[in-house]
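Since the structure comes first, as structure tokens, the remarks are kept for the end.
In structure tokens form, the structure reads like this:
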């Protein structure tokens with residue numbers, strides 16, 4: 347950099363722009379009277395380019411044949427267990443982030459023991475195998491077995507946090523503070539840290555100290571009350587949907603914080619909880635109560651509360667979902683069922699009338715659908731514009747021709763279990779397609795690798811830590 351450019355960068359207004367440019371290298375966003383493009387370009391060569399090169403070097407430079415994934419260069423510490431947190435971290439890993447999973451040295455993530463079923467080991471080691479539950483949400487991660495209850499173990503995690511972009515954790519509020527692993531402590535040494543805390547009930551409020559589990563929140567926050575048969579008991583959803591939606595909200599929040607950090611240069615804490623996310627996903631059901639001030643209508647089974655017909659009906663060999671979402675489509679359905687006169691029957695001619703006569707109409711429809719096989723009805727409804735689908739079990743779903751065509755099942759090589767089929771990332775990108783680059787790790791599989799490559803520890807020091815029970819693997 348020549349003396350003139352250096353002198354320009356020392357001007358007060360240019361020092362301000364220098365700081366801004368380092369976190370947001372787009373000079374057009376700043377006042378035109380401050381532009382000194384020669385200085386800007388010099389600054390970019392001197393300061394900004396090395397920062398980007400450093401980030402890229404974490405996972406290797408991209409080439410035209412292997413483009414950078416969206417989150418290449420972002421390092422995530424996954425200090426979470428079970429589902430919501432690991433699911434969040436897995437999605438970040440699919441998008442290219444380097445994810446380091448911190449696990450207890452002997453038992454690991456709780457879900458490692460949640461079986462059967464287990465994928466059996468094929469390399470001769472003892473044990474039941476890797477649990478299907480654990481395998482479902484832990485790919486694209488490296489496992490480091492470290493105990494933060496040991497002073498030296500906590501220090502290792504603190505040092506990793508100083509080199510991380512994101513932390514995902516799901517301990518009760520205040521738990522990690524005892525080990526100096528809370529946001530306020532870690533942000534002092536890494537102010538760019540984005541720290542996502544996933545809990546049952548949040549960091550504040552009367553329930554904040556309670557442990558929260560998916561089924562509890564489904565029950566307490568309205569979902570279970572509106573799920574199940576019309577005259578039957580409340581039913582939990584077949585998957586831990588509150589955990590999963592909370593994981594998705596956490597991903598969105600983290601990505602937004604990463605974008606904001608590119609402008610401000612600062613990280614932040616994210617308070618993500620199952621209870622808030624469950625209330626938010628009540629969506630139209632909650633809005634109906636807010637509009638009317640009345641209690642909800644309870645459970646509708648597979649029926650839609652506001653549209654009739656729109657539910658599952660029995661067939662000769664199973665069940666099929668049928669929906670006539672408006673008056674025109676109801677007329678189409680009547681034609682398919684061989685009951686054209688229903689469309690002009692005053693009991694059914696409008697959606698409001700059909701809602702009022704729901705039980706009568708649904709009984710009439712099921713008397714007809716139960717006379718044919720599901721495949722026969724699928725053929726009849728094909729191309730009509732109706733909402734219709736056979737109700738498949740999970741095996742049929744995974745073997746469905748459309749699921750296969752959309753590449754939703756992938757085969758990967760696991761170091762101990764051999765070939766495994768797993769679910770693929772669902773979003774298709776035109777250039778930077780998320781990928782399954784590594785299988786779900788064995789417990790502590792990467793302890794030595796991470797401590798050596800990220801923290802610079804030598805073999806003797808790692809073995810000393812292992813002897814002191816600070817690390818495992």
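In my numbering, the protein residues as written are 347 to 819.
Virtual Cβ for every residue (Gly too), placed ideally from N, Cα, C.
### Task
Starting from the C-beta of residue 805, find all residues in its chain whose C-beta is less than 8 Å away, skip the five residues before and the five after it, and write them out in chain order.
So the list reads 794 and 798, once near-sequence residues are dropped.
### Query
At a cut of 8 Å, does the stretch 430-441 reach the stretch 590-597 through at least three beta carbon pairs?
Look at the beta carbons and you see the stretch 430-441 touching the stretch 590-597: at least three pairs across the two are nearer than 8 Å.
### Query
Considering only residues of the stretch 434-517, which uninterrupted alpha helix (DSSP H) runs meet the minimum length of 4 residues and lie entirely inside it, listed in chain order?
Runs of the alpha helix (DSSP H) inside the stretch 434-517: 478-482 and 497-508.
### Task
Determine, using beta carbons only, whether residue 505 and residue 811 come nearer to each other than 8 Å.
Not in contact: residue 505 and residue 811 (Cβ atoms no closer than 8 Å).
### Query
For residue 585, is the classification buried or exposed, using 16 other Cβ atoms within 10 angstroms of its Cβ as the cut-off for buried?
Classified as exposed, residue 585 has fewer than 16 neighbouring CB atoms from the shown chains inside 10 Å of its CB.
### Message
Less than 7 Å between C-beta atoms, sequence neighbours within five positions excluded: which residues of the same chain meet that for residue 646?
### Response
Setting aside the 5 residues that flank it on each side, residue 646 is surrounded in the same chain by 576, each with a C-beta closer than 7 Å to its C-beta; the list follows chain order.
### residue 545 classed as buried or exposed, judged by whether at least 16 other C-beta atoms fall within 10 angstroms
The residue is buried, with at least 16 neighbouring Cβ atoms inside 10 Å.
### Message
I want to know whether the stretch 451-471 touches the stretch 520-528 - three or more CB-CB distances under 8 Å.
### Response
The answer is no - the stretch 520-528 does not touch the stretch 451-471, with fewer than three Cβ pairs under 8 Å.
### Query
Taking only runs of the alpha helix (DSSP H) that begin and end inside the stretch 595-655, which ones reach a length of at least 4 residues, in chain order?
The stretch 595-655 contains these whole alpha helix (DSSP H) runs: 620-626 and 629-638.
### Task
For residue 543, name the three-state secondary structure that DSSP assigns.
Of the three classes helix, strand and coil, the one that applies to residue 543 here is strand, per DSSP.
### Task
Please classify residue 822: is it buried, with 16 or more other beta-carbons within 10 angstroms of its beta-carbon, or exposed?
The structure shown does not extend to residue 822, since the chain is modelled only from 347 through 819, so no value can be given for it.
### Message
Whether or not the stretch 683-695 and the stretch 736-753 are in contact is what I'm after, with contact meaning three or more pairs of Cβ atoms, one per stretch, closer than 8 Å; do they touch?
### Response
The stretch 736-753 vs the stretch 683-695: no contact.
### Task
Give every residue of the same chain whose Cβ lies closer than 8 Å to the Cβ of residue 403, excluding the five residues on either side of it in the sequence, and list them in chain order.
Because the pLDDT of residue 403 is 47, which lies under 50, any placement of that residue in the model is unreliable, and the number read from its coordinates should be weighed accordingly. So the list is empty, once near-sequence residues are dropped.
### Message
Quick check on the burial criterion: 16 or more other C-beta atoms within 10 angstroms. Buried or exposed for residue 672?
### Response
The residue is exposed, with fewer than 16 neighbouring Cβ atoms inside 10 Å.
### Query
What is the DSSP secondary structure of residue 424, reduced to helix, strand or coil?
Three-state result, residue 424: strand.
### Query
Around the C-beta of residue 705, are 16 or more other C-beta atoms found within 10 angstroms, so that it is buried, or is it exposed?
Exposed, because fewer than 16 other Cβ atoms sit within 10 Å of the Cβ of residue 705.
#### Entry: Closest residue to residue 644 among 655, 654, 632 and 637 (Cα-Cα distance)
For residue 644, the closest alpha carbon among the candidates 655, 654, 632 and 637 is that of 632.
#### Entry: Residue interval of the beta strand (DSSP E) (run including residue 767)
Counting along the chain, the beta strand (DSSP E) containing residue 767 begins and ends at 764-769.
### Task
Decide yes or no for the touch test of the stretch 486-494 against the stretch 438-458: beta carbon pairs closer than 8 Å, at least 3 of them.
With the rule of 3 Cβ pairs closer than 8 Å, the stretch 486-494 counts as touching the stretch 438-458.
#### Entry: Stretch-stretch touch, CB-based, cutoff 8 Å, three pairs: the stretch 565-574 with the stretch 654-665
Taking a contact to require three or more Cβ pairs closer than 8 Å, the stretch 565-574 and the stretch 654-665 do not qualify as touching.
#### Entry: Alpha-carbon to alpha-carbon, residue 620 and residue 560
About 7 Å.
### Query
Taking the Cβ atom as the reference point for each residue, do residue 832 and residue 692 lie within a distance shorter than 8 Å?
Since the displayed the chain opens at 347 and closes at 819, residue 832 lies outside it and no answer follows.
#### Entry: Spatially closest choice to residue 514 from 499, 678 and 445, by CA coordinates
Here the closest residue by C-alpha is 445.
#### Entry: Residues near residue 323 in its chain [Cβ-Cβ closer than 6 Å; skip 5 each side]
Residue coverage of the chain in this structure runs from 347 to 819, which leaves residue 323 outside it and unanswerable.
### Query
Between 436, 613 and 419, which lies nearest to residue 787 when the distance is taken from Cα to Cα?
Nearest C-alpha to residue 787: 436.
### residue 603 and residue 540 closer than 8 Å at C-beta
In this structure, residue 603 places its C-beta atom within 8 Å of the C-beta atom of residue 540.
### Beta-carbon separation (whole angstroms), residue 600 vs residue 616, contact threshold 8 Å
Yes, they are in contact, since the Cβ atoms of residue 600 and residue 616 sit about 7 Å apart, within 8 Å.
#### Entry: Sequence-distant residues of the same chain with beta carbon closer than 8 Å to residue 468, five excluded per side
Within the same chain, 762, 763 and 764 come within 8 Å of residue 468 by CB-CB distance, once the 5 residues on both sides are set aside.
### Task
Just mark residue 663 as buried or exposed, buried being the case when its beta carbon has 16 or more other beta carbons within 10 Å.
Residue 663 counts as exposed, since fewer than 16 other C-beta atoms from the protein chains shown sit within 10 angstroms of its C-beta.
### Query
How long is the line joining the alpha carbons of residue 609 and residue 537, rounded to whole angstroms?
The C-alpha of residue 609 lies about 14 Å from the C-alpha of residue 537.
### Task
Please state whether DSSP places residue 734 in a helix, a strand or coil.
Strand.
### Query
What are the boundary residues of the alpha helix (DSSP H) that residue 814 is part of?
If you look at residue 814, you'll find it isn't in any alpha helix (DSSP H); DSSP assigns it neither H nor E.
### Message
Does residue 669 come out as helix, strand or coil in the three-state DSSP assignment?
### Response
Note: residue 669 maps to strand in three-state DSSP.
### Query
Using CA coordinates, which residue listed in 640, 555, 507 and 551 is at the minimum distance from residue 532?
Looking at the Cα atoms, 507 is the closest of the given residues.
### Task
Note the first and the last residue of the continuous beta strand (DSSP E) segment covering residue 899.
In this structure the chain extends from 347 to 819, so residue 899 is not present and cannot be described.
### Rounded straight-line distance, which links the Cα of residue 749 to that of residue 743
Rounded to whole angstroms, the separation of the alpha carbons of residue 749 and residue 743 is 7 Å.
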